[in-house]
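Trainee: With UniProt numbering, the residue at position 296 of the sequence shown is 296, and numbering never jumps. Provided herewith is a single structure, encoded as structure tokens, for subsequent inquiry.
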Amino acid sequence: MLSLAQLVWADETVLELAQEYPVQGLTAGHLSGLSQCQGRWWAVSDRVDNQVFELILDSAQQQFLANPYAIQVPPINRKPLANRLLQSVVSQVRGSELDFEGISCDSQHNLYLVSEAYSAVLQVNREGEGRWIRLPSNLHSMARANGLLLRHNAGLEGLALAEDGSQLWLAAERQGRGLIRLTQHQLQWRCIDNCVVLAEQHQVPLPAPYSGRTAADFSGLSMYRDKLFTLERAERQLCRRELKHGKVERCWSFASTESLPEKRYAGAQLGMAEALVIEEGAAWVGLDTADKVRTDQLKNPIIWQFKAPAKGWLH
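So, in structure tokens, the structure goes:
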């Protein structure tokens, strides 16, 4: 006779947790972005403007160790998404101004960081030298006309590069949420037809054991074999989407893991998943735990490794 756990995992829309890795050494517990680049793991914290973190897997201790690397960030010549006074207050409270919320990389070992505060993308080379990439001049007006990037702390929350480096995807977080696609043409990032591939705003029910509804969101992106995967924090799920219109093709839930009594955080009913990496045999989901303490007293940021579905991510 099958056990209850076996019956749950027989459902291919439910992700099975393979391993949980606490992260040691990441500033203030804020893991806001995660990427795997040519075999190396990189992370960003939304509380640090001048560092990225290489994560080293310590298999013996079943944890990641965060090694900080200094980066040079030039002045930015655009206004913050929020008004200057509000941004100044937020920066003093947070200890950072740029609010980096995602990280990705290209085949030349450049890292790309997205700043939510400024709706901007920083490219960092191997030497740690950063430059703000030139986004299309009409990108922000186009996004706002579609109901995106209108609220403070609800801006760009994730980014991902296509494997051949030809496209850069950005996720607008919530109220409304959306997907933005930039195409590289003659070494410049451009809007082909319309940068805004998807824009929507709706409420979703909170997963058990919580009640009520909250805004649907995107909190992370990952590209895998020419498919875009979205991390949807409010619903505790990740979804595969087609590239033309951003339509959902299939979703997988990790709600059963996040709702386990020993893995809950007091007052965190909205979820903490903020980082996503999809690879052949696994999905890696990073939790931004801030300064909250879990029921089992763990305070570190967490990276969950979920097993890929038996038939793979593209079935």
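Beta carbons: idealized from backbone N, C-alpha and C, even for Gly. Being a predicted model, the structure only gives us computed values, none of them experimental.
Evaluate contact between the segment 182-192 and the segment 200-214, counting only Cβ atoms and requiring at least three cross-stretch pairs below 8 Å.
Mentor: No: the two stretches stay apart, fewer than three of their Cβ pairs being nearer than 8 Å.
Trainee: Among residues of its own chain, excluding the 5 on either side of Gln38, which ones have a beta-carbon nearer than 7 Å to its beta-carbon?
Mentor: Cβ within range, chain order: His109.
Trainee: What does the Cβ neighbour count give for Glu173, buried or exposed, with the cut at 16 atoms within 10 Å?
Mentor: Buried: at least 16 other Cβ atoms inside 10 Å.
Trainee: Measure the C-alpha to C-alpha separation of Tyr21 and Leu65 and round it to an integer number of angstroms.
Mentor: One C-alpha to the other measures close to 10 Å.
Trainee: May I have the straight-line CA-CA distance separating Lys311 from Ser45, to the nearest angstrom?
Mentor: Distance between the alpha carbons of Lys311 and Ser45: 34 Å.
Trainee: How long is the line joining the alpha carbons of Leu182 and Leu150, rounded to whole angstroms?
Mentor: Distance between the alpha carbons of Leu182 and Leu150 is about 20 Å.
Trainee: Is Pro68 helix, strand or coil when you go by DSSP?
Mentor: Three-state result, Pro68: strand.
Trainee: Between the segment 217-225 and the segment 158-178, are three or more C-beta pairs nearer than 8 Å?
Mentor: Contact between the segment 217-225 and the segment 158-178 is present, because at least three Cβ pairs lie under 8 Å.
Trainee: Which residue comes first and which comes last in the beta strand (DSSP E) that contains Thr295?
Mentor: First-last for Thr295: undefined, no H or E at that position.
Trainee: Which residue or residues does DSSP assign as beta-bridge partners of Arg134?
Mentor: DSSP output for Arg134 lists no bridge partner at all.
Trainee: Alpha carbon to alpha carbon, what distance is there between Glu235 and Glu279?
Mentor: If you take the alpha carbons of Glu279 and Glu235, they lie about 21 Å apart.
Trainee: Here's a check: name, in chain order, each residue in its chain whose Cβ is nearer than 6 Å to the Cβ of Leu15, leaving out the five neighbours to either side.
Mentor: Around Leu15: Trp252, Phe254, Phe306.
Trainee: Buried or exposed: where does Ser59 fall if 16 or more other Cβ atoms within 10 Å of its Cβ makes it buried?
Mentor: Under this definition Ser59 is an exposed residue.
Trainee: If we ignore side chains and look at the alpha-carbon of each, how far apart do Leu264 and Arg40 end up?
Mentor: Here the sequence assigns Arg to residue 264, which means Leu is not the residue at that position. Whole-angstrom Cα-Cα distance: 30 Å.
Trainee: Should Leu57 and Val23 be called a contact, given that it needs their Cβ atoms to be closer than 8 Å?
Mentor: No, the pair does not count as a contact, with Cβ atoms beyond the cut-off.
Trainee: Going by CA-CA distance only, name the one from His30, Leu17, Gly25 that's closest to Ala290.
Mentor: The residue with the shortest Cα to Cα distance from Ala290 is His30.
Trainee: From the DSSP output, in three-state form, read off Pro205 for me.
Mentor: Strand.
Trainee: Quick test of your reading: Asn194 and Met272, contact by CB under 8 Å. State the CB separation rounded to the nearest angstrom.
Mentor: Rounded, the Cβ-Cβ distance is 32 Å, inconsistent with contact.
Trainee: Indicate the three-state DSSP secondary structure (helix, strand or coil) for Lys307 in the structure shown.
Mentor: Three-state result, Lys307: strand.
Trainee: To the nearest angstrom, report how far apart Val124 and Gln36 are at their CA atoms.
Mentor: Computed Cα separation, rounded: 15 Å.
Trainee: Just the C-alpha distance for Val277 and Ala145, rounded to the nearest angstrom, thanks.
Mentor: In a straight line, the C-alpha of Val277 is about 30 Å away from that of Ala145.
Trainee: Per DSSP, which residues does Thr13 bridge with? Please list them.
Mentor: Beta-bridge pairing links Thr13 to no other residue.
Trainee: Report yes if the CB atom of Ser115 is closer than 8 Å to the CB atom of Leu139, and no otherwise.
Mentor: No.
Trainee: Mind checking Ile71: buried by the 16 CB within 10 Å criterion, or exposed?
Mentor: Buried, by the Cβ-count rule.
Trainee: Would you identify the three-state DSSP class for Arg144, choosing helix, strand or coil?
Mentor: In the structure shown, Arg144 sits in a helix (DSSP, three-state: H, G or I).
Trainee: Starting from the Cα of Lys244, find the closest Cα among Arg233, Leu228, Trp42 and give me that residue.
Mentor: For Lys244, the nearest C-alpha among the options comes from Leu228.
Trainee: Quick one: what's Phe229 bridged to in DSSP?
Mentor: Paired residue(s): Ser222, Arg240.
Trainee: From what residue to what residue does the beta strand (DSSP E) around Thr27 run?
Mentor: Careful: Thr27 lies outside any beta strand (DSSP E) and carries neither H nor E.
Trainee: Is Ser211 buried or exposed, if buried means 16 or more other CB atoms sit within 10 Å of its CB?
Mentor: With fewer than 16 Cβ atoms within 10 Å of its Cβ, Ser211 is classed as exposed.
Trainee: In chain order, what residues of the same chain lie with their CB nearer than 7 Å to the CB of Ala282, ignoring the 5 residues before and after it?
Mentor: Within the same chain, Ala282 has close Cβ partners Ala18, Gln305, Phe306, Lys307, Ala308.
Trainee: List the residues that DSSP assigns as beta-bridge partners of Thr183.
Mentor: In the DSSP output, where bridge partners are listed per residue, Thr183 has Gln167, Arg190.
Trainee: Which residues in the same chain as Glu242 place their Cβ atom closer than 7 Å to its Cβ, once the five residues preceding and following it in sequence are excluded?
Mentor: Around Glu242: Glu249.
Trainee: Output needed for Glu12: all residues of its chain with C-beta closer than 6 Å, excluding positions within five of it in sequence on either side, in chain order.
Mentor: Excluding positions up to five away in sequence, the list reads Pro309.
Trainee: List the DSSP bridge partners of Gly155.
Mentor: Per DSSP, none; premise fails for Gly155.
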